[in-house]
Structures are given as structure tokens and as C-alpha cells.
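Spelled out as C-alpha cells, the structure:
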């Protein structure tokens, strides 16, 4: 109950403060108040690279370690993302500055990297790895200052500032590797209002780092582990030679600055990294296109349909009407069950599952309950919701299967519960084996020093067979027992012969034509989603995503109705499978866009990262096809039942 009250309180706060869609969010954690000298723990999350797509845990590299390594208990989403949150030896106290301090080892005994460790660090630098740390649940960011394309006078006045997630492990100059062995932490605090006689309290509101590479000889350190940084102009960077042992010191400094940013707005810095205007442009563009096309389509189809129905219902001209070609001629075959009704109903059931899951996740995220501060919450929620939505998927699949004259409901329920999830699990298992082989923290069930990570694979299987499967069976049972969908016309015993179809009625041409409109409505948002997935960016504009999702549903439904109308006018009554395939046509364009993104935006050259990219892309395309195909199928089914109910059939 306390959890529920907390959520309701957050929603109330949201309703009071929601005055824009830009960067307000409901905090996922309670604020921590610090007094002066209180320890502020710096934790490590992981190492990431957009070039390899393989996360590694922090201590996979020979960084300084604390006396006891403690891993944070993590949720399912964090484990699947490859997060391994662990303590570090950085000693940081609230509002206490440090000029320069040696992290581990005494100054007269520097850290000695073996040849193997030097090779590993050089390889990670070459692969462009970033290190991710957190302080008070805030991720570290590197400040990037640059001049935008302004007038010359304005250039001198101010620079544009952007923040990069994490900090670079090192850099290359020619064929030489240099490690960032000194970290200058800049932490910003907000002083809270307290009574006069009370000790002032502070809250951490930003966490920045300036990484530097400083050669061992240039770091002047004493026996108390204090050090002096060299002048910026005269210092040489710390080279890592992969062919021999290397000696170096890991050092850090801490600077505190007061900030006017309040705790509730502290994530704004991280979330305003992308331009919001382009999202508005995308939404307005999509809305205009969809409304324009829906207006045209509605006018054409409604006028044509009214004319058709009026002609078909004229009792005087029955003979003339029967001679005409058109959709009425196939009334005796339009509801004839298709081939493989069990597989069709199973795929549509999984589509319903996906639709319900995506709708709820986007809506809840739009309310701010799945903010980036709650690490892994989005993925955890999506996994559990997909499992629990099995009851709705089973219900719709069972009812449709009975409508299509199916009898083996138990086999149908098993097919619904295992077909799509089985394909997803199979692809993920194969990809996981490759990730496992690279010793990445992204591997599910990897044997490591934390036993609860090894149970992730078992936990996912238990969720599938212990939650999803029984719920699908339950929904299927009630759906199969329910009255089947009422088809307005009877089906003839002998199938009607289908006339030869024109070239543009080909399935593939239909997929190409039907996919353009839904894809055009969402492709700009798709760029930001891809950036979040493949380039370690934060995605938080769920209000825009919700609008895009509504536009996608409307456009898929419209296109599906138009395509099925043309198909029936061509006297082809085999619309069940075709509508499902054609409505998911935008998934084909998503695949083309994913290939374009891979070639133009990502710097992936190795085999395993490429395999991971296309493996996960295949899952996204399959899921998107199921989603849009299901939306289009049900829109077309309602349309077909409606038009045949409107004509008089003898």
C-alpha cells in the first residue's frame, strides 16, 4: 500500500506541475540529504562502446580496487542491459575539495600493468570505450563546449555546451595509445533551505568529469598520497605500450560548486541533449500527412461504398447488379476460413500481447514513472507486462480460432504461448552465446562472482512457462468458449474461382505500398530510438512517442482498409493472411532504415558486433511486423463485416 500511495503522490505532483512536455519527470527515487563531510559514494556501472555493442564490467580492466568489492543487487532490466553496479575506491566527501590524490598504491610503488593487461587496455581504447560512473544515482558526464554557426560577434560571447555520457577510457594519436589516468570530478550541489539553528543540508545535482592523461614522471606525489598536477602546457600524456609492461599512477581530484538547479530538475542536463523542435516538426508533419490522407481516403471509400451499397440494394436491377464485378460477388467466400488458422490466430494473439504491452509502457513512461533515474525499470516493466498481457493475447487468439472453425484449442493455446516467444528466445539464446564467448557483462546467465546474475536465464524461463503460458491458456479457454465473431453472410460450400489478378495486386507490391504511410509517420522518432539503443543515449520523450504510436495505429488501420477494399473489388477473397502480411509492410521499411543506420551512423566493423546488431534488429522488425499486422488485420476485419452487413443478400 505504501508503494501505491507513493505512486499516487507522484501522479498528483505531476498533474500540479505538468506545464510542458520538455524535461519534467517524476523522480524514481527519494532525494538524499548530505551534511558537510558526509561521504558521497562513487560507483561504477560498466564500460560501453557503440563500435562493439558489448558492455563490460568496470573491473574487467585493471583499475584500482577497494578492499572489498560489493555489487549492487539489480533488477531484471539492469542485468539485461549489462549494468554491473559496483563500489570504487574514490573517497569523496560532501563539499570537501581535493587538489590531487593518488587512488591506489603509494607514489614510490606505481601500478604495474602486465603485457596482457596493457594489451587489453590498448584494445579497449582502440574500440572507443567509455567508462560510466554514478554519484548519488547521477551518471557522470563529460562537458563538451563548442561554437555554433552564429555571427562572429556572438561567437566570442558564448559557447554551446553539450554533455557526453561517461568519459573516454583513453585516446589514440597515430598508432600510440594513451590512458586517462587522472579524473577531475566536478560535483554540483544545491543548498536546501533549513532552520537557522540547523546544520545546512546539500543535495547532489550534477556530476561532471574532466579526464586527463598524465605521465608518471610528471605527477609529483608525496608519501601521504597527495600529488601535484603539472602545468597543462608542459605535461606529457600517459602512454600504454601493448608490447611491454607499463607503470602509472591512477589519481583524481574533487571540486564542488554550488548550483541553483533543484533536485527535482537535476536530470534536465542529461535529458536536454537533443533538440525538441525536431520532434514537434515530426509530430506536426505526421499529423498533417495522416489527416490529409485519411480525409482523401475517407471521401473516396465512403462515397464509393455508398454508391456500391445503393446499387447492390436496388431490387429492380438485381440482374444488372449480378453482372457487375465487385466486392459483393465474393460474399459467399469472403468469410471462408484461411489455410493454417491456428498459426494465424497465434500470431495475432502475440500481436495483441505486444500491442497492450507497448501501449501501457509508453503511457506509464509518459506519466514519468519510468524515468532514466530508475535504471532498468523500462525493460523490467516491459518484460513483466508482456507476460501478464498473455491473458488478452490468449483470449483474442482463442475467439478468432473458433471463428475460423478451429477445434483443437489446447494445441492452439500452446502455439500462441510458444511461437513468437520461442523465436525471440531462440535468437536471443544464440546471440547470448556469442556475447558469453566475449566475456561481456551483457551476457545473460554468465558465470561470474555474483551468483544472482547466473539465475537470470532460469528466471526468464520461469516467467515464460510459469506466468505467460498459464495466462495464455486461461485467456484462450475463455476466448474459445465465447461466442465466435458474428459474420453477416453465409459461406458457400463450393469455393468461387478467383480471376487472374493485375500485377499491382501482388503481395510484395502491396507490402511496399502499404508500408510507406505508417513508416513516414514515425521515421524521425525511429532515429532517436535507434540512437538510444545503439549509441548509449537517454530516450525520455515518451509524450512524443505516445502521439507517434496513436498516429501509427490510425495510419495502419486506414491503409489496411484501403488494401482489403481493392482486393475484394478484384474478386480475390483470400484476404486473411494477405491483410496481416501487407499491414505489417512498414516493418520492411524499418529493416531498410536499420541497414541505412548501420552503414551511415555506426562505426561497427567486426563480425560479432554486426551479428548482434542485425540479430536484435531482426527481433525488432519481427515484433513491429506482428504489431502493425495485428492492428491492420482487426481494422480490416471490422471493415469487411461492416460492409457485408450493409448489403441485402438473397
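In this note's numbering, the protein residues as written are 17 to 666. Glycine included, each C-beta is placed from N, C-alpha and C at the ideal position.
- For the putative contact between residue 362 and residue 413, defined by C-beta atoms under 8 Å, what is the C-beta separation to the nearest angstrom? The count along the chain shown starts at 1 and reaches residue 362 at position 346. The count along the chain shown starts at 1 and reaches residue 413 at position 397. Contact holds; Cβ gap of about 6 Å.
- Task: Please go through the same chain and pick out, in chain order, the residues whose beta-carbon is closer than 7 Å to the beta-carbon of residue 221, but skip the five residues on each side of it.
- Result: Here residue 221 refers to the residue found at position 205 when the chain shown is read from its first residue. Closer than 7 Å at the Cβ level, and outside the excluded window around residue 221, lie 204, 205, 206, 275, 277, 279, 282.
- the segment 589 to 607 / the segment 339 to 357 touching (three or more Cβ pairs under 8 Å): A contact between stretches requires three or more CB pairs, one per stretch, nearer than 8 Å, and the segment 589 to 607 meets this requirement with the segment 339 to 357.
- Message: Just verifying my parser: in three-state terms, what is the DSSP assignment at residue 80?
- Response: Reading the chain shown from its first residue, position 64 is the one you call residue 80. Coil, per DSSP.
- Decide if the segment 184 to 199 is in contact with the segment 138 to 145; the criterion is three or more beta carbon pairs, one per stretch, under 8 Å apart. Touching, yes.
- 4-residue-minimum alpha helix (DSSP H) runs that sit fully inside the segment 369 to 446, ordered along the chain: Uninterrupted alpha helix (DSSP H) stretches at least 4 residues long and entirely within the segment 369 to 446 occur at 393 to 404, 406 to 419, given in chain order.
- Query: Quick one: complete alpha helix (DSSP H) runs, 4+ long, within the segment 267 to 292?
  - Reply: Those alpha helix (DSSP H) runs which fall completely within the segment 267 to 292 and span 4+ residues are 284 to 287.
- Task: Report yes or no: do three or more beta-carbon pairs, one from the segment 315 to 323 and one from the segment 647 to 654, lie closer than 8 Å?
- Result: They do not touch, by the three-pair rule.
- Item | Through-space distance from residue 377 to residue 37, alpha-carbon basis | The residue labelled residue 37 in the question sits at position 21 within the chain shown. The residue labelled residue 377 in the question sits at position 361 within the chain shown. In this predicted model, residue 37 has a pLDDT of only 37, less than 50, meaning its place in the structure is not dependable; the value taken from the coordinates is given anyway. Taking the straight line from one Cα to the other gives about 17 Å.
- Task: Measure the CB-CB distance between residue 574 and residue 310 and report whether it falls below 7 Å.
- Result: Here residue 574 refers to the residue found at position 558 of the chain shown. Here residue 310 refers to the residue found at position 294 of the chain shown. A contact, by the Cβ cut-off of 7 Å.
- Under 7 Å, do residue 351 and residue 507 count as touching if we go by C-beta distance? As a position in the chain shown, residue 351 is number 335, starting the count at 1. As a position in the chain shown, residue 507 is number 491, starting the count at 1. In this structure, residue 507 lies closer than 7 Å to residue 351 by Cβ.
- Do residue 410 and residue 492 have their CB atoms nearer than 7 Å? Numbered from 1 along the chain shown, position 394 holds the residue referred to as residue 410. Numbered from 1 along the chain shown, position 476 holds the residue referred to as residue 492. Residue 410 places its beta carbon less than 7 Å from that of residue 492.
- Task: Report yes if the CB atom of residue 245 is closer than 7 Å to the CB atom of residue 116, and no otherwise.
- Result: Position 229 of the chain shown, counting from 1, holds the residue named residue 245. Position 100 of the chain shown, counting from 1, holds the residue named residue 116. The answer is yes: Cβ separation under 7 Å.
- Pick helix, strand or coil for residue 469, following the three-state DSSP scheme. For the purposes of this step, residue 469 is taken as residue 453 along the chain shown, with counting starting at 1. Residue placement at residue 469 is poorly supported in this model, since its pLDDT is 45, which falls under 50; the coordinates are not used for a value here.
- Message: What would DSSP say about residue 214, mapped onto helix, strand or coil?
- Response: For the purposes of this step, residue 214 is taken as the residue at position 198 of the chain shown. The answer is coil: DSSP assigns residue 214 none of H, G, I, E or B.
- Message: Is the beta carbon of residue 425 closer than 7 Å to that of residue 496?
- Response: The residue labelled residue 496 in the question sits at position 480 within the chain shown. The residue labelled residue 425 in the question sits at position 409 within the chain shown. Closer than 7 Å, so yes.
- Item | residue 193: first and last residue of the uninterrupted beta strand (DSSP E) it sits in | Residue 193 sits at position 177 when you count from the first residue of the chain shown. That run of the beta strand (DSSP E) goes 192 to 195.
- Item | Check whether residue 157 and residue 193 have beta carbons under 7 Å apart | Position 141 of the chain shown, counted from the first residue, corresponds to residue 157. Position 177 of the chain shown, counted from the first residue, corresponds to residue 193. Taking 7 Å as the Cβ cut-off, residue 157 and residue 193 do not qualify as a contacting pair.
- Message: Under DSSP, the alpha helix (DSSP H) around residue 579 begins and ends at which residues?
- Response: Within the chain shown, numbered from 1, the residue matching residue 579 stands at position 563. Note, residue 579: alpha helix (DSSP H), 558 to 585.
- Message: So, for residue 273: in the same chain, excluding its five sequence neighbours on each side, which residues have a beta-carbon less than 6 Å away from its beta-carbon?
- Response: Numbered from 1 along the chain shown, position 257 holds the residue referred to as residue 273. Cβ contact annotation for residue 273 (same chain, cutoff 6 Å, sequence separation greater than five): 204, in chain order.
- Item | Residue burial classification, residue 323 (beta-carbon count within 10 angstroms, cutoff 16) | Your numbering for residue 323 matches position 307 in the chain shown. Exposed, since its Cβ has fewer than 16 Cβ neighbours within 10 Å.
- Task: Express the C-alpha separation of residue 428 and residue 581 in angstroms, rounding to a whole number.
- Result: As a first step, residue 581 must be located in the chain shown, where it is residue number 565. As a first step, residue 428 must be located in the chain shown, where it is residue number 412. C-alpha of residue 581 to C-alpha of residue 428: approximately 30 Å in a straight line.
- Query: Buried or exposed: which applies to residue 259, given that a residue is buried once 16 or more other Cβ atoms fall within 10 Å of its Cβ?
  - Reply: Counting from one through the chain shown, the residue named residue 259 turns up at place 243. When all chains shown are included, residue 259 counts as exposed.
- Task: Give a yes or no on contact between the segment 230 to 246 and the segment 262 to 271, applying the rule of three or more CB pairs nearer than 8 Å.
- Result: In short, these stretches touch, since the Cβ pair count reaches three.
- Could you work out which residue in 579, 614, 578 is closest to residue 547 when comparing CA atoms only? Here residue 547 corresponds to residue number 531 of the chain shown, with the count starting at 1. Looking only at 579, 614, 578, the smallest Cα-Cα distance to residue 547 is reached by 614.
- Task: Could you spell out where the alpha helix (DSSP H) holding residue 631 opens and where it closes?
- Result: Locating residue 631 in the chain shown gives position 615, where the first residue counts as 1. From DSSP, the alpha helix (DSSP H) with residue 631 extends over 623 to 662.
- Task: Assuming residue 395 contacts residue 92 (C-beta within less than 8 Å), just tell me the rounded distance between them.
- Result: The count along the chain shown starts at 1 and reaches residue 395 at position 379. The count along the chain shown starts at 1 and reaches residue 92 at position 76. 7 Å between Cβ atoms; contact.
- Measure the CB-CB distance between residue 534 and residue 563 and report whether it falls below 7 Å. Here the question's residue 534 lines up with position 518 in the chain shown. Here the question's residue 563 lines up with position 547 in the chain shown. No.
- Are residue 457 and residue 100 touching if we call contact CB-CB under 7 Å? Reading the chain shown from its first residue, position 441 is the one you call residue 457. Reading the chain shown from its first residue, position 84 is the one you call residue 100. For residue 457 and residue 100, yes; Cβs fall inside 7 Å.
- Message: Using 7 Å as the threshold, is the C-beta distance between residue 388 and residue 219 below it?
- Response: Your numbering for residue 388 matches position 372 in the chain shown. Your numbering for residue 219 matches position 203 in the chain shown. For the 7 Å CB-CB criterion, residue 388 and residue 219 do not form a contact.
- From 147, 189, 365, 97, pick the residue whose C-alpha is nearest to that of residue 226; which is it? In the chain shown, residue 226 corresponds to position 210, counting from 1. If we check each option's Cα against that of residue 226, 147 comes out closest.
- Message: Could you compute how far the alpha carbon of residue 13 sits from the alpha carbon of residue 559?
- Response: Given a span of 17 to 666 for the chain in the structure shown, any question on residue 13 remains unanswerable.
- Query: CA-CA distance, residue 646 and residue 593?
  - Reply: By one-based count along the chain shown, residue 646 stands at place 630. By one-based count along the chain shown, residue 593 stands at place 577. In a straight line, the C-alpha of residue 646 is about 11 Å away from that of residue 593.
- 7 Å Cβ cutoff met for residue 67 and residue 189: Taking the chain shown and counting its residues from 1, one reaches residue 67 at position 51. Taking the chain shown and counting its residues from 1, one reaches residue 189 at position 173. In this structure, residue 189 does not lie closer than 7 Å to residue 67 by Cβ.
- Task: For residue 324, name the three-state secondary structure that DSSP assigns.
- Result: In the chain shown, counting from the first residue as 1, residue 324 sits at position 308. Of the three classes helix, strand and coil, the one that applies to residue 324 here is helix, per DSSP.
- Message: For a test of the three-state rule: what should DSSP assign to residue 101, helix, strand or coil?
- Response: The residue given as residue 101 occupies position 85 in the chain shown. In the three-state reduction of the DSSP assignment, residue 101 falls in the coil class, being assigned neither a helical nor a strand state.
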